[in-house]
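Residue numbers for the sequence shown follow the numbering used here, so the first one is 402 and each next one is one higher.
These notes concern the structure reproduced below.
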Amino acid sequence: MAEKIIRETLSEIFEDMANALETGSFGRKTRVGLTILGSEHGPEELVKGAEFAQRNNPDLEVVLIGSGVETSLELVEAKDEKEAHELMDKMLLSGELDSAVTMHYSFPIGVSTVGRVITPGKGREMFIATTTGTSATERVSAMVKNTLYGIAAAKASGIANPTVGILNIDGARQVERALKKLKENGYPINFTESARSDGGVVMRGNDLLLGVPDVMVTDSLTGNVLMKMFSAYSSGGSYEALGYGYGPGAGENYDRIICIISRASGAPVIAGAIRYAGDSAQGKLLAKVNAEFAAAKKAGLEKLLSSFECPANAAQKAEDSGEVTPPPEKPVTEEIPGIEILQLEDAVQLLWKNNIYAASGMGCTGPIVMVAPEDKEKAVEILKEAEYI
């Protein structure tokens, strides 16, 4: 009997070794979750992308979250998008998943996503920092933080010393001066040069198409438009066919890796997003973001960011000597949209003063205040009375 058990055990070991040699995958696989409800193309399109990713990435294990499909992949049942997100978050925080891919997820202010595209000029990959969410309510500060997020995402994906360019949009020159100041103070940043004859770190449209920098720094709204263009220009816009999606939400001390896709994302982008989520987990994205912030802070990041704050806001903060203490924290799952980004934190503080726990966030359509279901009606009434919505 003992000999039989030994033979069976050895047989299993040799079989596992043979599979590992055949696939090139050794050790524990990286588990990537994918919510499959809410796509404009139906859950079957997402499953197709997930199955493609599983076949072509033996180091990954894809876990679907949703319902209504037949597949050989592991499936965690969820009846709707809300339940799928709740399960996804729970599995990420418990360690059952290493990272996840989803649609229509609300990140807190300070967290934004780094997209990854294939540029048409030379077929180069490029990271767009950032594409959804909001890193800060002040534009230049947000773009400086976006730079750190983009560098961290590129490093997590295997680029040891990524090159950085700044898209020629409002605030680009201020961002350039700020980043060069950080570099002078010791923060290591590898600037690239425009492909245009006059060069410079500020990138033109040609540089976008050529994929000149590894990391293209921009604001989230512009980055979102760029993601649509790069992923769907060959399909007329209704089907995203190229690239890796809108990327993982990055933020200082953020505690989970969630990559965003669009409701228009097709199977090829789904597969790319799963690969990107796996890279982010394996490359320890969360730790790399914090490392970039630690290095930038040594070079004077906080003082630099405070210099961009609106003088009126700074004066108001000085006048208001004490901060409002929030009520006891509770799960906030209801969204209140329609608030101007510059008034978002004030709106949250107002609700706190009225003993309603709230948090700021960024939904797919813009800034949101998040509250508990039982508080929503009263919160809306207060915000309307104060003319925030």
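Think of the CB as a built atom: it goes at the ideal place given N, C-alpha and C, for glycine as much as any other residue.
Judged by DSSP in its simplified three-state form, P768 adopts strand. Under the three-state reduction of DSSP output, G684 falls in the coil class, being neither helix nor strand. In the DSSP annotation of this structure, R605 is not part of any alpha helix (DSSP H), being labelled neither H nor E. Cβ contact annotation for G679 (same chain, cutoff 8 Å, sequence separation greater than five): T431, V433, N458, D460, L461, D499 and S500, in chain order. Approximately 6 Å separates the beta-carbon atoms of M604 and V613; this is inside 8 Å, confirming the contact. A contact between stretches requires three or more CB pairs, one per stretch, nearer than 8 Å, and the region 577-590 fails this requirement with the region 510-530. Residue nearest to N755 within the set T436, L784 and N562 is L784 (criterion: CA-CA distance).
Here the alpha carbon of G566 sits roughly 27 Å from the alpha carbon of G764. A Cβ-Cβ contact shorter than 8 Å links G646 with G516. Taken in chain order, the complete alpha helix (DSSP H) segments of 4 residues or longer contained in the region 590-665 are 606-611 and 621-633. Per the Cβ contact rule, the region 442-458 is not in contact with the region 696-711 (fewer than 3 Cβ pairs under 8 Å).
When the beta-carbon positions are compared, P649 and T514 come within less than 8 Å of each other. Partner residues in the beta bridge of R517, as assigned by DSSP, are F528. The alpha helix (DSSP H) runs lying completely inside the region 443-489 and spanning 4 residues or more are 444-457, given in chain order. Contact between the region 553-560 and the region 586-598 is not established, with fewer than three Cβ pairs separated by less than 8 Å.
In the three-state reduction of the DSSP assignment, V733 falls in the coil class. For R540, the enclosing alpha helix (DSSP H) covers residues R540 to A557. By the criterion of a C-beta distance shorter than 6 Å, P729 is surrounded by no residue of its chain, once the five residues flanking it on both sides are discounted. Pairing G767 with G652 gives a Cβ-Cβ distance that is not under 8 Å. Taking the Cα of G606 as reference, the smallest distance to any Cα among N591, L643 and T623 is reached at T623.
In the three-state DSSP reduction, A748 falls in the helix class (H, G or I). Counting only the Cα atoms, I659 lies some 25 Å from Y758. Under the DSSP assignment, I567 falls in the beta strand (DSSP E) whose first and last residues are T564 to L568. Residue pairing by DSSP puts R432 in a beta bridge opposite E462.
Judged by DSSP in its simplified three-state form, A759 adopts strand. Counting only residues of its own chain and dropping the five nearest sequence neighbours on each side, A596 has a CB closer than 7 Å to the CB of N607, D608, L611 and V613.
Contact check for M489 and T533: beta-carbon distance about 17 Å, past the 8 Å limit, so the pair fails to qualify.
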